[in-house]
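According to the working numbering, the sequence shown is numbered sequentially starting from 9. What follows is a short report on a single structure.
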Amino acid sequence: MAKPGLFAREAAVRLLHAVLLERRLLIDIVNGEDSLLIDLEPSERARAQSLAMTTLRNLGPIDFVLHKYLTKQTPFALLNILRVSAAEMLVDGIAAHAAVDSAVTMAKRRHKTAHLKDLANAVLRKVASEGMEIFEGLEPQELPKAFRSQMAKIVTKEEMTSIERSHQAGAPVDLSFKDIKKANAFIENSNGIMMPNGSVRLKRAGQITEMNGFLDGDWWVQDLAASIPAKCFGDLSGKKVLDLCAAPGGKTMQLASMGATVTALDISSKRLERVKQNLERTKLKANCIAADALKWKPDERFDAILLDAPCSASGTIRRHPDLPFAKENFDLGELLKLQRALLLKASDWLVPGGILIYSTCSIFSAEGEGQVQWLAKQNNDLIPQKIDPKLIGLSDYMANKDGQIRLRPDFFADQGGMDGFFVAKFTNNK
């Protein structure tokens with residue numbers, strides 16, 4: 009009979025292998041037909057994912073500690089076992105005997121590592137007795153050079169380290185509510201706190217589907233930063249609004265809850281099904297259309313368009329720590345072309361005086377400020393509008409000099425941070 013937690017630990021090791029060697033994203037692995045977690049119980053699946061993410065968030069410091077005690081090049085299969093066990097001890101606070109014993113068992117169960125079980129035992133016992141003091145004195149996990157070079161265009165070295173520290177800390181769960189009264193009632197009966205923008209942040213989150221208000225459709229999960237673009241419109245009551253690139257639907261539900269008549273467009277019919285399910289659960293309405301925005305033609309123009317464009321997702325690393333490893337050598341070129349094509353399409357679909365919000369969950373200036381500068385040279389009918397951050401529950405420093413919202417993962421750090429985001433606002437002057 010397998011020891012408690014062994015299958016989850018072994019699955020975490022397999023996930024590390026898939027991310028670090030095969031350059032696959034965790035979300036694709038977990039949701040794919042060849043899921044490495046398919047035979048696990050729900051609790052084991054959750055633990056495996058959590059353990060893999062914890063290890064990735066702290067991989068640099070963990071490796072530094074391990075290599076203090078490794079004198080030769082270690083086979084990758086064993087190294088990932090050691091990494092997972094070290095993460096349990098150094099980050100999760102798991103008892104050393106449990107973590108070490110499980111690692112030795114995992115090594116014995118694999119042909120490639122069975123002969124190294126004694127090495128695993130010796131190294132991890134050293135980590136257990138001496139590793140914490142070393143680990144606590146280390147800087148957070150550094151982003152790859154390609155990520156850092158992009159970020160260095162808009163942040164200082166100190167800000168870079170602060171962002172990386174936020175990545176290491178992970179992300180709490182934020183909820184967006186249809187009704188502020190329901191939000192206040194939820195807080196009274198939970199560990200949630202009200203954030204300045206109106207999001208409810210959970211200090212501890214259990215099973216989402218079992219939380220109060222889920223079945224009643226009172227709320228949906230949405231990072232604080234992701235809720236900001238829709239808030240920048242102001243009053244949308246009775247307005248015709250297009251949510252471009254709508255999946256997974258958080259912004260669609262926001263727009264519908266603000267009284268807009270919403271058209272939700274997304275190229276993925278599969279992802280759009282999730283939007284429909286969330287709309288049904290929250291008892292909100294939107295006309296969902298699966299189509300390629302670059303080929304689609306609307307029957308009428310819109311009062312407002314929200315373009316939350318496909319991007320590098322570099323602002324979401326605190327909740328997707330696999331991203332820098334799976335996409336270490338990325339090319340922004342194709343993404344920038346797509347964003348520009350979508351911006352030009354959206355600008356043609358606005359009524360005179362209509363509002364366009366352009367946003368990306370990116371902390372790369374090329375996908376934010378750079379695209380605004382490019383658009384200014386292509387379309388003189390779109391007039392940039394400054395956004396007052398105080399009107400949407402943010403602080404003045406969260407807007408740049410041009411009045412665009414520039415959010416970083418280390419903002420509100422003492423309350424759990426937020427995703428990195430860029431938001432710009434335009435009006436159609438045709």
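Beta carbons are placed, not taken as given, at the ideal position from N, Cα and C, and that holds for glycine. Note that the structure is a prediction, hence the values are computed from the model and not measured.
Residue i in three-state terms, based on DSSP
i: Asn192; result: helix
i: Ala272; result: strand
i: Met202; result: strand
i: Asn39; result: helix
i: Asn295; result: strand
i: Leu314; result: strand
i: Arg327; result: coil
i: Ala354; result: helix
i: Lys278; result: helix
i: Arg289; result: helix
i: Phe372; result: coil
i: Met9; result: In this prediction, Met9 scores a pLDDT of 46, lower than 50, which makes its location untrustworthy; the coordinate-derived value is nonetheless stated afterwards. It is coil, neither helix nor strand.
i: Arg31; result: coil
i: Phe429; result: strand
i: Arg65; result: helix
i: Arg212; result: coil
i: Phe222; result: coil
i: Gly7; result: In the structure as shown, the chain begins at 9 and stops at 438. Residue 7 is therefore absent and cannot be evaluated.
i: Pro332; result: helix
i: Asp339; result: coil
i: Asp71; result: helix
i: Leu45; result: coil
Closest by C-alpha distance to residue i, when choosing among the options
i: Leu64; options: Ile89, Asn436 and Phe15; result: Ile89
i: Ser295; options: Thr269, Leu45 and Glu96; result: A quick correction: the sequence has Asn, not Ser, at residue 295. Closest by alpha carbon: Thr269.
i: Leu87; options: Leu402, Asn437, Asn129 and Ile46; result: Asn129
i: Gln386; options: Val359, Ser235 and Ala349; result: Ala349
i: Asn436; options: Gln412, Ser373, Ile313 and Leu344; result: Ile313
i: Met261; options: Ile37, Lys120 and Leu183; result: Leu183
i: Thr169; options: Ala85, Asp187 and Leu146; result: Leu146
i: Ile162; options: Gly13, Phe143, Ser373 and Ala16; result: Ser373
i: Phe434; options: Gly428, Ile413 and Phe420; result: Ile413
i: Tyr77; options: Leu402, Gly378, Leu24 and Leu132; result: Leu132
According to DSSP, residues forming a beta bridge with residue i
i: Thr435; result: Ile363 and Ile391
i: Trp227; result: Phe185
i: Val249; result: Val270 and Ala312
Touch test, the stretch 324-336 against the stretch 28-42, Cβ-Cβ under 8 Å, three pairs minimum:
yes
Jot down the residue ranges of each uninterrupted beta strand (DSSP E) in the stretch 392-427, minimum 3 residues, whole runs only, in chain order.
413-415
What are the complete alpha helix (DSSP H) segments, minimum 4 residues, inside the stretch 91-163?
104-117, 125-134, 140-144 and 153-159
When you compare the stretch 177-196 with the stretch 209-228, are there three or more beta-carbon pairs, one atom per stretch, that lie closer than 8 Å?
yes
Pairing CB atoms from the stretch 352-362 with CB atoms from the stretch 407-424, are three or more of them under 8 Å?
Counting Cβ pairs under 8 Å, fewer than three are found: no touch.
Is the stretch 137-155 close to the stretch 330-341, with three or more CB pairs under 8 Å?
yes
Are the stretch 129-144 and the stretch 391-398 touching by the rule of at least three beta carbon pairs closer than 8 Å?
no
Stretch-stretch touch, CB-based, cutoff 8 Å, three pairs: the stretch 300-308 with the stretch 236-243
no
Under 8 Å, with one C-beta from each stretch per pair, do the stretch 45-54 and the stretch 108-116 reach the 3-pair mark?
No: the two stretches stay apart, fewer than three of their Cβ pairs being nearer than 8 Å.
Quick check: the stretch 315-322 against the stretch 277-292, are at least 3 beta-carbon pairs closer than 8 Å?
no
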